[in-house]
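Participant: This structure is in structure tokens; I'll ask about it shortly.
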């Protein structure tokens, strides 16, 4: 009886790990798309709305869903409430939010480099920088889709089967 | 005799699970990991069978050579 309960617990744990890994894989392209649309809205706010950066960030945080919403709202708060540069505020907000997202190091570097250009050029150059960041993100989206198609099902069945193997070895 | 049947089922279970793992890893394109998994499964079962055969030889020895 105890053996059966232990076996069920092992199966549940390893399957859960597998499902969590596959959820992480499917979450990444979704969040990347959200990031891209956020940058596009930022582009629109800067080009057509002439909105100040903290105001634009606040509007973006209202439009988006978590975790990106909290990124933009913390960025906006940093800009309005503390004495800091745009680059530092952007980078600190990125670091604060990054562990809550399913995104990887590559996207982090892209966003960091984009933050370094933010607010230092005129509108036309700023738009070019946004386009550059969008192009980089597009590449990452393709990569994320490829990884998802490849590994999503594997992660699920791998979790279940490894649990089964452990049980057979232990009985 | 009950023990022997148990071990046969165990070997079959390990074989099935390892075969599944091999196919999945193969589909994803991780051929080298697939081969390692199969190899380790094979070694594990080999050790199990070796211990059973060892038991058999001890028994034969004790029957025909009159040793304890």
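Chains as they are written, first to last, in the numbering used here: chain E, 892 to 1062; chain R, 23 to 90.
Ideal Cβ positions, reconstructed from N, Cα and C, are used throughout, including at glycine.
Does the region 1037-1057 of chain E come within contact of the region 34-54 of chain R, defined as at least 3 CB pairs closer than 8 angstroms?
Facilitator: yes
Participant: I need the boundaries of the alpha helix (DSSP H) containing residue 1003/E, first residue and last residue.
Facilitator: By one-based count along the first chain, residue 1003/E stands at place 112. 996-1008 is the span of the alpha helix (DSSP H), which, as asked, contains residue 1003/E.
Participant: Going along the chain, which residues of the region 1023-1049 of chain E sit with their C-beta nearer than 9 angstroms to a C-beta in chain R?
Facilitator: 1041, 1042, 1044, 1045, 1048, 1049
Participant: Do residue 1006/E and residue 910/E have their C-beta atoms closer together than 8 angstroms?
Facilitator: If you number the first chain from 1, residue 1006/E lands on position 115. If you number the first chain from 1, residue 910/E lands on position 19. The Cβ atoms of residue 1006/E and residue 910/E do not sit closer than 8 angstroms to each other.
Participant: Tell me whether residue 1062/E sits in a helix, a strand or coil according to DSSP, three-state version.
Facilitator: Indexing the first chain from 1 puts residue 1062/E at position 171. Here residue 1062/E sits in coil by DSSP.
Participant: Classify residue 966/E as buried or exposed, calling it buried when 16 or more other Cβ atoms lie within 10 Å of its own Cβ.
Facilitator: Position 75 of the first chain, counted from the first residue, corresponds to residue 966/E. It counts as buried.
Participant: Considering only their Cβ atoms, is the gap separating residue 930/E from residue 959/E smaller than 8 angstroms?
Facilitator: As a first step, residue 959/E must be located in the first chain, where it is residue number 68. As a first step, residue 930/E must be located in the first chain, where it is residue number 39. No; because the gap between Cβ atoms is not below 8 angstroms, this pair is not in contact.
Participant: What whole-angstrom Cβ distance do residue 956/E and residue 964/E have, given they're in contact under 8 angstroms?
Facilitator: Along the first chain, one-based indexing puts residue 956/E at 65. Along the first chain, one-based indexing puts residue 964/E at 73. With 8 angstroms as the limit, residue 956/E and residue 964/E do not qualify as a contact, their Cβ atoms being about 12 angstroms apart.
Participant: For residue 835/E and chain R, any beta-carbon pair shorter than 8 angstroms?
Facilitator: The first residue shown for chain E is 892 and the last is 1062, placing residue 835/E beyond what the model contains.
Participant: Does the separation of the CB atoms of residue 970/E and residue 933/E fall below 8 angstroms?
Facilitator: Start at 1 with the first residue of the first chain, and residue 970/E comes out as number 79. Start at 1 with the first residue of the first chain, and residue 933/E comes out as number 42. Cβ atoms of residue 970/E and residue 933/E: not closer than 8 angstroms.
Participant: Considering only the alpha carbon of each residue, which of 961/E, 954/E, 923/E, 940/E lies closest to residue 1035/E?
Facilitator: Here residue 1035/E refers to the residue found at position 144 of the first chain. Of the candidates 961/E, 954/E, 923/E, 940/E, the one whose C-alpha sits nearest the C-alpha of residue 1035/E is 923/E.
Participant: Should residue 907/E go down as buried or exposed, given a rule of 16 or more other Cβ atoms within 10 Å for buried?
Facilitator: Mapped onto the first chain, residue 907/E falls at position 16. It is exposed - the Cβ of residue 907/E has fewer than 16 other Cβ atoms within 10 Å.
Participant: Are the CB atoms of residue 1028/E and residue 987/E nearer to each other than 8 angstroms?
Facilitator: Taking the first residue of the first chain as 1, we reach residue 1028/E at position 137. Taking the first residue of the first chain as 1, we reach residue 987/E at position 96. It is not a contact, given that the beta carbons lie outside the stated cut-off.
Participant: For chain E, check one thing: does any of its Cβ atoms lie closer than 8 angstroms to the Cβ of residue 32/R?
Facilitator: For the purposes of this step, residue 32/R is identified with residue 10 of the second chain, where counting begins at 1. Residue 32/R counts as touching chain E.
Participant: Let me see if you follow: with CB-CB separation under 8 angstroms, is residue 65/R close to chain E or not?
Facilitator: If you number the second chain from 1, residue 65/R lands on position 43. It does not; no Cβ of chain E falls within 8 angstroms.
Participant: Please report whether the beta-carbon of residue 82/R lies at a distance below 8 angstroms from any beta-carbon of chain E.
Facilitator: Residue mapping note: residue 82/R aligns to position 60 of the second chain, counting from 1. Not one chain E Cβ lies under 8 angstroms of residue 82/R.
Participant: Can you tell me where the alpha helix (DSSP H) holding residue 55/R begins and where it ends?
Facilitator: For the purposes of this step, residue 55/R is taken as the residue at position 33 of the second chain. Per DSSP, residue 55/R belongs to the alpha helix (DSSP H) from 53-86.
Participant: How is residue 1030/E classed by DSSP in three states: helix, strand or coil?
Facilitator: Looking up residue 1030/E in the first chain gives position 139. Residue state, collapsed to three classes: helix.
Participant: DSSP on residue 1011/E, reduced to helix/strand/coil?
Facilitator: Locating residue 1011/E in the first chain gives position 120, where the first residue counts as 1. If DSSP states are grouped into helix, strand and coil, residue 1011/E belongs with coil.
Participant: Indicate the three-state DSSP secondary structure (helix, strand or coil) for residue 1041/E in the structure shown.
Facilitator: Residue numbering aside, residue 1041/E sits at position 150 when the first chain is read from its first letter. It is helical.
Participant: May I ask which residues mark the beginning and end of the alpha helix (DSSP H) holding residue 958/E?
Facilitator: By 1-based counting over the first chain, the position of residue 958/E is 67. Neither: residue 958/E is in no alpha helix (DSSP H) and is coded neither H nor E.
Participant: In three-state DSSP terms, what is residue 941/E?
Facilitator: For this step, residue 941/E is matched to residue 50 along the first chain. Correct three-state label for residue 941/E: coil.
Participant: Can you tell me whether residue 155/R is buried or exposed, with buried defined as 16 or more other CB within 10 angstroms of its CB?
Facilitator: In the structure as shown, chain R begins at 23 and stops at 90. Residue 155/R is therefore absent and cannot be evaluated.
Participant: On the DSSP letters alone, give me the boundaries of the alpha helix (DSSP H) that residue 911/E sits inside.
Facilitator: Here residue 911/E refers to the residue found at position 20 of the first chain. Note, residue 911/E: alpha helix (DSSP H), 893-935.
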